[in-house]
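Just so we're aligned, residue 1 is where the sequence shown starts under my numbering, counting upward by one.
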Amino acid sequence: MKTVSPTRTEELVRYRRFIHKHPELRYEEVGTADFVSKHLESLGYTFQSGIAKTGIACLIDSGKPGKTLLVRADMDALPIFEENKTDYTSVHNGVMHACGHDAHTSVLMGLASELKENPSAIVPKGRVLLVFQPAEEGGQGADRMIEEGILEKYDVSAALALHVWNHIPVGKVGVVDGPMMAAVDEFQITVQGISGHGAMPQHTVDPILVGSHIVAALQSIVSRNTDPLDSCVVTVGAFHAGHAFNVISETAELKGTIRTFTKEMFDKAPELFKRVVENTASAFGAKAIIHYERTNAPTINHPEMANIVRKASENILGPDSVTEEHAKTMGGEDFSAFLMKVPGCYFFVGSMNEEKGLIHPHHSSKFDIDESSLPIGLSVMKEAIRLYLETH
Numbered sequence: 001m002k003t004v005s006p007t008r009t010e011e012l013v014r015y016r017r018f019i020h021k022h023p024e025l026r027y028e029e030v031g032t033a034d035f036v037s038k039h040l041e042s043l044g045y046t047f048q049s050g051i052a053k054t055g056i057a058c059l060i061d062s063g064k065p066g067k068t069l070l071v072r073a074d075m076d077a078l079p080i081f082e083e084n085k086t087d088y089t090s091v092h093n094g095v096m097h098a099c100g101h102d103a104h105t106s107v108l109m110g111l112a113s114e115l116k117e118n119p120s121a122i123v124p125k126g127r128v129l130l131v132f133q134p135a136e137e138g139g140q141g142a143d144r145m146i147e148e149g150i151l152e153k154y155d156v157s158a159a160l161a162l163h164v165w166n167h168i169p170v171g172k173v174g175v176v177d178g179p180m181m182a183a184v185d186e187f188q189i190t191v192q193g194i195s196g197h198g199a200m201p202q203h204t205v206d207p208i209l210v211g212s213h214i215v216a217a218l219q220s221i222v223s224r225n226t227d228p229l230d231s232c233v234v235t236v237g238a239f240h241a242g243h244a245f246n247v248i249s250e251t252a253e254l255k256g257t258i259r260t261f262t263k264e265m266f267d268k269a270p271e272l273f274k275r276v277v278e279n280t281a282s283a284f285g286a287k288a289i290i291h292y293e294r295t296n297a298p299t300i301n302h303p304e305m306a307n308i309v310r311k312a313s314e315n316i317l318g319p320d321s322v323t324e325e326h327a328k329t330m331g332g333e334d335f336s337a338f339l340m341k342v343p344g345c346y347f348f349v350g351s352m353n354e355e356k357g358l359i360h361p362h363h364s365s366k367f368d369i370d371e372s373s374l375p376i377g378l379s380v381m382k383e384a385i386r387l388y389l390e391t392h
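Structure representation (structure tokens):
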């Protein structure tokens, strides 16, 4: 195993614990951004701040012609009360780094240090754009940074990002070609019926009955409109209607999510959903009002970029370090927005350690990582950057 120096490892742990102790929610990452900015300033870098409110972009140029590779870390935390009892437990009640963004930011800060100390070993030609992104957790921070022009301004050609992953043991790297994480769509349906007495249903249009048929009919999107070799999830997570035992309510409200894995199904899902919901409601004489929101697209790795990450992992950790087990998930990730614009790879760095009890899943109030994943993530990322820029 070839990783960074013990001094750099200590630095990564120190950064991660400080950020973990002071978590901030999406678009509120003012302290985190200030922490990152002061680090970049101490290294003598110039950078752009205030992108998408709290985002930062720092360009490192080799001075030799070549491509620009974007490397992203997300900075935001979650509205979760932390149950861990450590020296770095969150001091902000109800806010916690329960997904690992503290680790990602620390790795990118460490990369900035490595690039300052030995730039030609990592960037043989071309440029690296370090992007510290706000609001990955439901805030579409990646989309906002793209809308504010960072891809065009810095002429980005490709993109990489890592995510510590408590479903994979430390020492392993999860990489797949093609779809890796799902698109996340949210929906709300208001079924409008006709209210009346529960003993005289013939004078009503029961929105609860209609909503129940909609819940069942929506599963046909998975069973009859999705390629069996593809993946799709339709979940109705909330169903609210009525207040009295003997009254048929006027409306029912349903909320849920659709997760799709491929661009083809991502493109088709809204129209399929609308057709099923509206026609089912109409068949019962009711009306369905739909609010359908796209949170993020599917995260789709470019095969060439995925191969670069595989080779980087093998060079650093050995030939058996790469796994596809637990490396696909129907969870969502807004790095997908970058991958819809440029080729790239999103990969997992194993952070689970059963012996240390570091097994709790992401978004858990007891989530924590094996911090030896930090130097591993930095080392694999450095090597992937070098391999990409060396050949492009």
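Glycine included, each C-beta is placed from N, C-alpha and C at the ideal position.
Flag this pair as yes or no: are the beta carbons of residue i and residue j separated by less than 8 Å?
i, j, result
"D177", "N301", "yes"
"K125", "K53", "no"
"V170", "S379", "no"
"I214", "C232", "no"
"T32", "I19", "yes"
"Q140", "M75", "no"
"I146", "V131", "no"
"Y188", "K255", "Correcting the residue type first, residue 188 is Gln in the shown sequence and not Tyr. Yes. Within cutoff."
"L111", "V71", "yes"
"G174", "T323", "yes"
"M180", "A312", "no"
"P375", "L12", "yes"
Using DSSP with H/G/I as helix, E/B as strand and the rest coil, what is residue i?
i, result
"K311", "helix"
"Q202", "helix"
"H360", "coil"
"H104", "helix"
"E117", "helix"
"T280", "helix"
"G149", "coil"
"R294", "strand"
"D185", "strand"
"R26", "coil"
"T323", "strand"
"E253", "strand"
"T7", "helix"
"L43", "coil"
"P207", "helix"
"H20", "helix"
"F239", "strand"
"P65", "coil"
"P375", "helix"
"I80", "coil"
"S49", "strand"
"G178", "strand"
"I221", "helix"
"M305", "helix"
What residues are listed by DSSP as bridge partners for residue i?
i, result
"G196", "I248"
"E383", "Partner(s): none; E383 has no beta bridge."
"L129", "L59, L70"
"V233", "R259"
"M109", "For M109, which the question treats as bridged, DSSP gives no partner whatsoever."
"V393", "Beyond the ends of the chain as shown, which are 1 and 392, falls residue 393; an answer cannot be given."
"A159", "L70, G344"
"P169", "M352"
"A288", "V191"
Roughly how many angstroms lie between the CA atoms of residue i and residue j, to the nearest whole one?
i, j, result
"H362", "E371", "15 Å"
"F284", "A238", "21 Å"
"H39", "D61", "18 Å"
"D334", "E264", "18 Å"
"V91", "F35", "16 Å"
"F348", "T235", "26 Å"
"I56", "D227", "40 Å"
"R14", "N353", "20 Å"
"F245", "T251", "15 Å"
"V164", "S351", "6 Å"
"Q48", "L69", "16 Å"
"T204", "E325", "52 Å"
"A288", "T260", "23 Å"
"P79", "M96", "6 Å"
"V184", "Y292", "11 Å"
"F338", "M330", "18 Å"
"P303", "I290", "37 Å"
"F266", "F273", "11 Å"
"V309", "E29", "29 Å"
"V210", "E186", "20 Å"
"T9", "T295", "35 Å"
"S212", "I369", "42 Å"
"K153", "I248", "58 Å"
The region 81-88 contacting the region 43-62, beta-carbon criterion three pairs below 8 Å:
no
request  = Kindly confirm or deny that the region 337-345 and the region 153-169 touch, where touching means at least three C-beta pairs closer than 8 Å.
outcome  = yes
* Asked: Do the region 189-205 and the region 316-324 make contact, defined as three or more Cβ pairs closer than 8 Å?
  -> no
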